[in-house]
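Asker: Got a structure for you, questions after.
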Amino acid sequence: MTVWRITEGEGGTEPGERGVPCDIVEHDTALLRIAAATGSPWLLMAGEIDVSNSSDVTRAVRGARARGAGDVHIDLGAVDFVDVAGLRAFTLAAGELHEQGRMLVLHAVSTHLDKLFGLIGWSDTPGLRIHCRPRA
Numbered sequence: 053m054t055v056w057r058i059t060e061g062e063g064g065t066e067p068g069e070r071g072v073p074c075d076i077v078e079h080d081t082a083l084l085r086i087a088a089a090t091g092s093p094w095l096l097m098a099g100e101i102d103v104s105n106s107s108d109v110t111r112a113v114r115g116a117r118a119r120g121a122g123d124v125h126i127d128l129g130a131v132d133f134v135d136v137a138g139l140r141a142f143t144l145a146a147g148e149l150h151e152q153g154r155m156l157v158l159h160a161v162s163t164h165l166d167k168l169f170g171l172i173g174w175s176d177t178p179g180l181r182i183h184c185r186p187r188a
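Its first residue numbered 53, the sequence shown is counted upward by one per residue in my numbering.
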């Protein structure tokens with residue numbers, strides 16, 4: 053179920069380094085929360101991305117794409133798990149953006165997830181840029 057509501061900062065999350073306040077909750081379930089900012093192509097995801105919610109990820113990326121003309125950015129710093137359906141949602145979204153001369157930029161990607169993109173062969177997907185977390 054997709055939930056649209058304005059939180060006006062209450063209980064909303066904020067990608068601190070980027071200074072983009074999230075004021076829209078695009079998806080909020082026990083498994084995954086997707087927050088966005090009005091007028092910004094940034095998404096903040098927290099939880100787990102799998103086959104049960106990969107279509108919600110696709111819908112959120114399309115919404116972010118419609119909010120701005122530039123690249124779409126997703127902060128995955130609070131995502132604990134992504135299955136192949138989630139990876140596929142990201143690569144398909146990157147392909148759609150690539151056709152428009154734009155990119156899908158994944159931020160704070162765990163090294164495990166980065167390796168998985170590489171093992172499957174999707175790390176070189178046109179329109180996809182992956183930024184890993186800094187090593188501790």
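Virtual Cβ for every residue (Gly too), placed ideally from N, Cα, C.
For L84, which three-state DSSP category applies?
Answerer: L84: strand per DSSP, three-state reduction.
Asker: Mind the definition here: the segment 135-144 touches the segment 87-96 only if three or more C-beta pairs lie below 8 Å; say whether that holds.
Answerer: These segments do not touch.
Asker: So within the segment 82-160, which uninterrupted alpha helix (DSSP H) runs reach at least 4 residues, ignoring any that extend past its ends?
Answerer: If we require 4 residues or more, the alpha helix (DSSP H) runs fully inside the segment 82-160 come out as 106-119 and 136-151.
Asker: If contacts are defined as beta-carbon pairs under 8 Å, then N105 and T143 qualify, I think. What distance do you get, rounded to the angstrom?
Answerer: Actually they do not touch by this definition, with Cβ atoms about 16 Å apart.
Asker: For D166 and D176, what's the separation of their Cα atoms in angstroms?
Answerer: Roughly 11 Å between the two C-alpha positions.
Asker: Note down the Cα distance separating H79 from G170, rounded to an integer number of angstroms.
Answerer: Those two C-alpha atoms are separated by around 28 Å.
Asker: Could you compute how far the alpha carbon of I182 sits from the alpha carbon of S162?
Answerer: Each residue's alpha carbon lies about 10 Å from the other.
Asker: Going along the chain, which residues of its own chain have a beta-carbon closer than 7 Å to the beta-carbon of G63, five neighbours each way excluded?
Answerer: Any answer about G63 is weak, because its pLDDT of 36 lies below 50 and its placement is not dependable; what the coordinates show is given next. Around G63: no qualifying Cβ.
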